Amino acid sequence: MILVDPQASEALGARLAALVAPGDVITLSGTLGAGKTSIARGLLAALGLVGEAPSPSFAIVQPYAPPEVRLPVLHVDLYRVDDAHEIEELGLDEALADSVLIIEWPERAPGWWPEALALALEMLPDGTRRLTASVPAGWRARWQQI
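Going by the working numbering, the sequence shown opens with residue 118, and the numbers climb by one from there.
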C-alpha cells in the first residue's frame, strides 16, 4: 500500500481504530520520519482524542484512557530503549489485558509481540511511503476491511 502524505497515514490509523479491541498490538517500524507517529495519531484521533497526540519518544509510554478515548491505548516508543529487558519494567504485558498497544520501533524488542499486526513503512524517493503489513491470523479478517 502506498501512503501519499501524512494525511493518508492518519487516515489509515483512523481505519485501524474502527477495528481494534483491547488485547491488540500494532507495531510500527521504519526510519525516522517514515510516518509511524502519523498512523498512531490518526488511530487516537478516531478513538476520540481531541488535539494532536504527542510523540512518546521521551516519555516512552504515553497512556490514553476513557473518556479521553473510546478504549484504553498505550502508545509506546522504544527508540530510546537500549536493552530489551527494560521493556519488562514498562508493564506492557499487564496492560495488554485491557488496552490496545501501539508500539513504535518494535525491532528494539525482537520476539515480544508475535501476534501483532506489524506495519513497516519505507520512504520512497518521491516522498511517498510504502506500507508493508505482516498480518497474523487474529487480524486477517479485519485487515481485509482496510
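Think of the CB as a built atom: it goes at the ideal place given N, C-alpha and C, for glycine as much as any other residue. Model, not experiment: these values are computed from the prediction.
Shown here, Arg187 sits in coil according to DSSP, grouped into three states, outside any helix or strand. Across the set Ala134, Ser126 and Gly152, the C-alpha of Ala134 shows the shortest separation from the C-alpha of Ala163. Excluding sequence positions up to five before and after Leu160, its CB lies within less than 6 Å of the CB of Gly130, Leu133 and Ala134, all in the same chain and listed in chain order.
By the Cβ rule, the segment 140–152 counts as touching the segment 233–250, because three or more pairs are nearer than 8 Å. A distance below 7 Å between beta-carbons, with the five flanking residues on each side excluded, links Val190 to the following residues of its chain, in chain order: Leu161, Leu164, Tyr181, Ser216, Val217 and Ile219. Of all C-beta pairs linking the segment 167–181 to the segment 197–216, three or more are shorter than 8 Å, placing the two stretches in contact.
Taking C-alpha positions only, Trp260 is separated from Ala201 by approximately 29 Å. Taking C-beta atoms under 8 Å as the contact rule, Leu248 and Leu120 qualify, at a distance of about 6 Å. Its chain contains Ser172 as the residues whose beta carbon lies nearer than 6 Å to that of Thr154, once the 5 sequence neighbours on both sides are disregarded; these appear in chain order. The continuous alpha helix (DSSP H) containing Pro123 extends over residues Pro123 to Ala134. Contact annotation: Leu195 and Trp229 have beta-carbon atoms that are not nearer than 7 Å.
Looking at the backbone, the Cα of Leu166 and that of Leu136 are separated by about 16 Å. If you draw a 10 Å sphere on the C-beta of Gly140, you find fewer than 16 other C-beta atoms in it, and that means exposed.
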